[in-house]
Amino acid sequence: LCISSFTPVAILAQETCFPRPHPEFARFPMAHDDDDEPKEKDVKGETGKEARALDSITDFVEETDVKVDEEAIKKRLKELREVQQQKDRKRAEEQRALLAVKINQEDTDLIVKEMEVTPAVAERTLREKNGHVEEALRQ
Numbered sequence: 001l002c003i004s005s006f007t008p009v010a011i012l013a014q015e016t017c018f019p020r021p022h023p024e025f026a027r028f029p030m031a032h033d034d035d036d037e038p039k040e041k042d043v044k045g046e047t048g049k050e051a052r053a054l055d056s057i058t059d060f061v062e063e064t065d066v067k068v069d070e071e072a073i074k075k076r077l078k079e080l081r082e083v084q085q086q087k088d089r090k091r092a093e094e095q096r097a098l099l100a101v102k103i104n105q106e107d108t109d110l111i112v113k114e115m116e117v118t119p120a121v122a123e124r125t126l127r128e129k130n131g132h133v134e135e136a137l138r139q
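In the UniProt record's numbering, the protein residues as written are 1 to 139.
Structure representation (structure tokens):
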């Protein structure tokens with residue numbers, strides 16, 4: 001069967017399969033356009049002068065942004081690494097100190113039952129409070 005392209009069914013099929021873009025949206029670039037920048041029109045008069053002045057200003061800013069002091073960046077990165085290493089060492093020392101605290105299993109079970117927390121949270125709280133159940137329950 002060959003449906004004539006002038007029948008309402010054929011026209012409807014063409015419109016639903018390959019809809020035409022609305023004329024209002026034709027001025028916007030499509031996703032498949034290759035160029036990243038919009039095409040510039042040859043603008044004359046006051047508008048053209050303003051556009052050229054704006055282009056010259058933005059070009060200057062882009063050139064100054066490229067210049068960086070590599071030594072200053074390397075120095076700052078080194079300082080940041082040292083600060084991070086100090087924080088890591090301090091955190092490791094705190095973990096070792098917490099693991100050295102002796103806690104009773106009955107105390108952990110009591111906190112889990114009374115406070116309705118996980119055993120890991122109860123154990124951590126007890127270690128932070130040096131094994132004192134009363135202080136851990138107050139927290």
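We treat Cβ as the ideally placed atom computed from N, Cα and C, and that holds for glycine. Fair warning: this is a prediction, and the values are worked out from it, not measured in the lab.
For residue i, which of helix, strand or coil comes out of DSSP?
| i | result |
| --- | --- |
| residue 185 | With the chain running from 1 to 139 in the structure shown, residue 185 is simply not present. |
| Lys90 | helix |
| Lys102 | coil |
| Val68 | coil |
| Gly45 | helix |
Keeping to the same chain, check which residues put their C-beta closer than 7 Å to that of residue i; ignore five residues upstream and five downstream.
| i | result |
| --- | --- |
| Pro119 | Thr108 and Val112 |
Going by beta-carbon coordinates alone, are residue i and residue j separated by less than 8 Å?
| i | j | result |
| --- | --- | --- |
| Leu136 | Lys129 | Note that residue 136 corresponds to Ala in the displayed sequence, not to Leu. Contact flag set, yes. |
| Gly131 | Lys90 | no |
| Val133 | Leu98 | no |
Comparing alpha-carbon positions, which option in the options lies nearest residue i?
| i | options | result |
| --- | --- | --- |
| Glu114 | Leu98, Gln139 and Glu70 | Gln139 |
| Arg127 | Val117, Arg96 and Glu116 | Arg96 |
Taking 7 Å as the cut-off, does the CB of residue i come closer than this to any heavy atom belonging to the ligand ZN?
| i | result |
| --- | --- |
| Val83 | In the structure on display, the ligand ZN does not appear, and there are no ligands present to speak of. |
Under DSSP, the alpha helix (DSSP H) around residue i begins and ends at which residues?
| i | result |
| --- | --- |
| Val117 | That residue, Val117, is in no alpha helix (DSSP H); it is neither H nor E in DSSP. |
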